[in-house]
Structures are given as C-alpha cells and as structure tokens.
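Colleague: Protein sequences appear in the order of chains A and B. Following our numbering from start to finish, the first sequence increments by one per residue and tops out at 689. Following our numbering from start to finish, the second sequence increments by one per residue and tops out at 617. Beta carbons are placed, not taken as given, at the ideal position from N, Cα and C, and that holds for glycine. It should be emphasised that the depicted structure is a prediction, and the values quoted were computed from it without experimental measurement. Got a structure for you, written out below as structure tokens; questions coming shortly.
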Amino acid sequence: MFTAEMARQWIKESAKKIESNKEQLTDLDQALGDGDHGLNMTRGFNAALEQLNGETDEPGKVLKGAGTSLLSKIGGASGPLYGTLFMKAGNQLEGTEVQLSDLSSGLRVGVDAMKKRGKAEREEKTMIDLLEPVIELMEEKGNELTADHLIDKAKEALENVKEFEAKKGRAAYYKEKSKGKQDAGSQSSYYLIESLATVLDKDGEA
Amino acid sequence: MVSLVLVSHSPDISKGLKKMLDEAQPEVTVLDAGGTDDGEMGTSAIKIQTAIEKADQGNGVVILVDFGSSVMNAEMAIDLLEESHSVKIADAPLIEGAYSAVMEAGFGKSLDEVVESAVLAKDTKKVQ
Numbered sequence: 484m485f486t487a488e489m490a491r492q493w494i495k496e497s498a499k500k501i502e503s504n505k506e507q508l509t510d511l512d513q514a515l516g517d518g519d520h521g522l523n524m525t526r527g528f529n530a531a532l533e534q535l536n537g538e539t540d541e542p543g544k545v546l547k548g549a550g551t552s553l554l555s556k557i558g559g560a561s562g563p564l565y566g567t568l569f570m571k572a573g574n575q576l577e578g579t580e581v582q583l584s585d586l587s588s589g590l591r592v593g594v595d596a597m598k599k600r601g602k603a604e605r606e607e608k609t610m611i612d613l614l615e616p617v618i619e620l621m622e623e624k625g626n627e628l629t630a631d632h633l634i635d636k637a638k639e640a641l642e643n644v645k646e647f648e649a650k651k652g653r654a655a656y657y658k659e660k661s662k663g664k665q666d667a668g669s670q671s672s673y674y675l676i677e678s679l680a681t682v683l684d685k686d687g688e689a
Numbered sequence: 490m491v492s493l494v495l496v497s498h499s500p501d502i503s504k505g506l507k508k509m510l511d512e513a514q515p516e517v518t519v520l521d522a523g524g525t526d527d528g529e530m531g532t533s534a535i536k537i538q539t540a541i542e543k544a545d546q547g548n549g550v551v552i553l554v555d556f557g558s559s560v561m562n563a564e565m566a567i568d569l570l571e572e573s574h575s576v577k578i579a580d581a582p583l584i585e586g587a588y589s590a591v592m593e594a595g596f597g598k599s600l601d602e603v604v605e606s607a608v609l610a611k612d613t614k615k616v617q
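Encoded structure:
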C-alpha cells in the first residue's frame, strides 16, 4: 500500500533532507549552474510542507498539491520539472486504495512528462538520469519494492550521472568540463528517492 | 489587436523592454512577465499564465522569451490555462523579435503574422 499518510511523509522527509543539504546543492549548482538550486529547492519544499492537507486520504491529491507548490515556488527550470513530476504522478493515482505498483505507474507518467517538458533524454546529465533508472526498477519490482532497492539503484545512478557530459541548461556551456562534476538536479532527485526509501522502511517496521 | 507577453530571466530587462514597446505602439497591450513570483532572477509559469490571461484582448497572445527555463515555463503556462486562448511562443530573439511583433500587432495583423514577423527578426543583419 501507498497511503496518503505515506505521501505526506514523503514530502516531509524530502523537505527535511533538502533543507539539511541546502549548502551542498548550492555548491554543486555554483560549479555548473547559477548557484540557486539549494535555496530554490528549500523554498519550494517548505511551501509544499505548508500546504500539506492532513485531511485527505487520497495519496494522489497529496502529491498533486505538493507539485503545485513546487511549480510556483522553486522557480527556474526545476520548478516546472519537479512540479510536472508530482502533478502528473498525483493525477494518475486515483482514490484511497493505491498500491506501490500504482505509484510506479504514476511516477512513470510523471517522468515521461518531465522529459517532454525539458526536452531531455538519458545521459544528458539531468534529473532524468537519476529518476528514470529508479522508476524503471520500481516498475520491475512492483509491490515487492523495498527501501534497499531504491537506495542501491539511486546510488548507482548518482555515480553514473557524474561522468556524463552536460547537454541541458547552463551546465551545457561547460561541455566536456562538466564531466566528473555532480549535477545539482540529480543530487536533489537522489534526496527525493532516499526520502521515499525512508518512508517505505518505516512502513515495513509498522 | 494581438497582445504581447515578455519573459526574461531579468525582471529589469522585460520591464525596460515593455517601456520601449509602449512608446513604439501605445495601443498594443504588452505585459511584462519577467523574473520569478518574488521579482528575483528567473522565470515563473504561474506569472506567465496570469499575464497571458490578462493580456488577451480576444485576438491572441504572442510570448517573447529569452532562453532556457523561459521557454519551459512559457510552455507550462500555456498548459495551465483554464480557458481557451490563442497563444504562440515566438522562436525569436527577445528584444528584436518583440520590436517587430509590436509594430505588426499595432498594424492590426493576425497572430500568425505577428509571430512570423518576430521570427524573421532572427535573420536581420546588424553589420553589413
């Protein structure tokens, strides 16, 4: 099961991780971008936290609400990208009875919409390089998905993205000099996946 | 008349550009949607969406953008529109394109003609 409470925990945990790694995200973005990723993500997730609806028992509504906040508060390119991910995924999840396999299908729709929005493909050193391999694994594992699956795949993807040459955004100006440096968007996507893993872990204990 | 929405990362650039366009064709509705919701450097889909809704006089809106997330947020803004508006993003340089567009819009041209004039501004030679 993926309940509305788990969706709320996912947003809360993400906000916490983003906030405590704000400086790191800023430093990564300073090397290849404009250096505002830490601040923008913190602002966006704090807004998503504030609007969390404690009443609803529909996980889709929780994710959609968070997506709307992220869209309007993150700004730049990350706002419409993360906004699209959560809004589209949320739209896919209907009702209160949502399984982990439904969450995977929802995130698949979300990441496809993100790719379209950012006109991005794999190996262009973007959040897609972190999110899509993880979502593929989620689709494969279905309801058997565990926190360890998520963490292992996300770590592997994070290592890979470092070596890619940036093709999108301001980082693309650096061409081959971008190789070997971490992408700030992939790093923030990593924290989102790590947060989802924490939520699954807690659910397993309960 | 066709209206214009200007999107640049710098709110000062779109504000200054609007002033220039208002002097060239005062009858054309030109809205500045540059910067983030807080007036910082960046772009915002919500800000652009609101500007499109306000700007449209019934003959459509052309959006002029600088680069990067301006394009992405302009596309997202169009997707967010609840009522139907004729909107096009001009594949044109922001300043030169907006100047051509405001002239044509002021002459009462259609949305497609206004967009085309903006796109043509891309090929204008500055140094012979």
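Compute the Euclidean distance between the alpha carbons of threonine 613/B and isoleucine 584/B, then round it to the nearest angstrom.
Modeller: Rounded to whole angstroms, threonine 613/B to isoleucine 584/B spans 12 Å at the Cα level.
Colleague: What's the call for glutamate 623/A, buried or exposed, on a 16-neighbour Cβ count within 10 Å?
Modeller: Answer is exposed; the Cβ neighbour count stays below 16.
Colleague: Taking the alpha helix (DSSP H) that lysine 624/A falls in, what are its first and last residues?
Modeller: From DSSP, the alpha helix (DSSP H) with lysine 624/A extends over 611-624.
Colleague: Note down the Cα distance separating alanine 581/B from glutamate 541/A, rounded to an integer number of angstroms.
Modeller: Looking at the two C-alpha atoms, the distance is approximately 44 Å.
Colleague: Which residues, taken in chain order from the segment 556-579 of chain B, show a beta carbon closer than 8 Å to some beta carbon of chain E?
Modeller: The chain inventory of the structure shown lacks chain E, comprising the protein chains A and B.
Colleague: In the segment 506-550 of chain B, which residue ranges form an unbroken alpha helix (DSSP H) of at least 4 residues, counting only runs that do not cross its ends?
Modeller: As far as the segment 506-550 of chain B is concerned, its whole alpha helix (DSSP H) runs of at least 4 residues are 534-544.
Colleague: The beta strand (DSSP E) spanning leucine 495/B covers which residue range?
Modeller: Looking at the DSSP string, the run of the beta strand (DSSP E) that includes leucine 495/B is 492-496.
Colleague: Roughly how many whole angstroms lie between the Cα atoms of isoleucine 557/A and glutamine 617/B?
Modeller: Near 44 Å, if we compare the C-alpha coordinates of glutamine 617/B and isoleucine 557/A.
Colleague: Rounded to whole angstroms, what's the CA-CA distance from alanine 549/A to lysine 615/B? Just pull it up for me.
Modeller: Rounded to the nearest angstrom, the two C-alpha atoms are 47 Å apart.
Colleague: Would you kindly report the start and end of the unbroken beta strand (DSSP E) that includes valine 576/B?
Modeller: Start and end: 576-578.
Colleague: Give the residues from the segment 662-686 of chain A that approach chain B closer than 7 Å (Cβ to any Cβ), ordered along the chain.
Modeller: For the segment 662-686 of chain A, which is checked against every Cβ of chain B, not one residue is closer than 7 Å.
Colleague: With a threshold of 9 Å between beta-carbons, can lysine 658/A be considered close to chain B, or not?
Modeller: No, lysine 658/A does not count as interfacial toward chain B.
Colleague: Between which two residues does the alpha helix (DSSP H) holding phenylalanine 569/A run?
Modeller: Phenylalanine 569/A -> alpha helix (DSSP H) spans 561-575.
Colleague: Rounded to the nearest angstrom, what separates methionine 442/B and valine 608/B at their Cα positions?
Modeller: The question about residue 442/B has no answer, for chain B in this structure spans 490 to 617.
Colleague: If we ignore side chains and look at the alpha-carbon of each, how far apart do glycine 537/A and threonine 579/A end up?
Modeller: So the two alpha carbons sit approximately 14 Å from each other.
Colleague: Does chain A have any CB closer than 9 Å to the CB of glycine 531/B?
Modeller: Answer yes: the Cβ-Cβ gap between glycine 531/B and chain A drops below 9 Å somewhere.
Colleague: Please report the residue range of the alpha helix (DSSP H) in which alanine 654/A lies.
Modeller: No alpha helix (DSSP H) contains alanine 654/A, which DSSP labels as neither H nor E.
Colleague: Hey, how far is the Cα of leucine 568/A from the Cα of methionine 610/A?
Modeller: Roughly 11 Å separates the two Cα atoms.
Colleague: If you compare alpha carbons, which of Ser555/A, Phe528/A and Ala514/A is closest to serine 503/A?
Modeller: When only C-alpha atoms are compared, the closest one is Phe528/A.
Colleague: Using a beta-carbon distance cut-off of less than 8 Å, what residues from the segment 557-572 of chain A approach chain B?
Modeller: Against chain B - using a Cβ distance shorter than 8 Å - the residues of the segment 557-572 of chain A are Gly558, Gly559, Ala560, Gly562, Pro563, Leu564, Gly566 and Thr567.
Colleague: Determine the extent of the alpha helix (DSSP H) in which valine 594/A is found, giving its start and end residues.
Modeller: That run of the alpha helix (DSSP H) goes 583-601.
Colleague: Look up leucine 570/B in the DSSP assignment and say whether it is helix, strand or coil.
Modeller: In this structure, leucine 570/B counts as coil in the three-state DSSP scheme.
Colleague: Cβ closer than 8 Å: which chain A residues qualify as neighbours of alanine 460/B?
Modeller: Residue 460/B is absent from the structure shown; chain B starts at 490 and stops at 617.
Colleague: Just mark asparagine 523/A as buried or exposed, buried being the case when its beta carbon has 16 or more other beta carbons within 10 Å.
Modeller: Buried, since its Cβ has 16 or more Cβ neighbours within 10 Å.
Colleague: Name the two residues that bound the continuous alpha helix (DSSP H) containing leucine 532/A.
Modeller: Start and end: 520-533.
Colleague: Apart from the five residues just before and just after aspartate 666/A, which ones in its own chain have a Cβ nearer than 6 Å to its Cβ?
Modeller: Around aspartate 666/A: Lys608 and Val644.
Colleague: Would you decide whether serine 435/B is buried or exposed? Buried here means 16 or more other CB atoms lie within 10 Å of its CB.
Modeller: In the structure displayed, chain B extends from 490 to 617; residue 435/B sits before or after that span and is not available.
Colleague: How would you label glutamate 571/B, buried or exposed, when you count the other beta carbons within 10 angstroms and need 16 or more for buried?
Modeller: Label assigned to glutamate 571/B: exposed.
Colleague: By the 7 Å beta-carbon criterion, what residues does the segment 517-535 of chain A contribute toward chain B?
Modeller: The segment 517-535 of chain A vs chain B, Cβ under 7 Å: nothing.
Colleague: Could you tell me which of Met592/B, Thr525/B, Gly557/B and Glu605/B sits nearest to threonine 518/B, measuring between CA atoms?
Modeller: Nearest option by C-alpha distance: Met592/B.
Colleague: Which of the three DSSP states, helix, strand or coil, is assigned to valine 616/B?
Modeller: Here valine 616/B sits in coil by DSSP.
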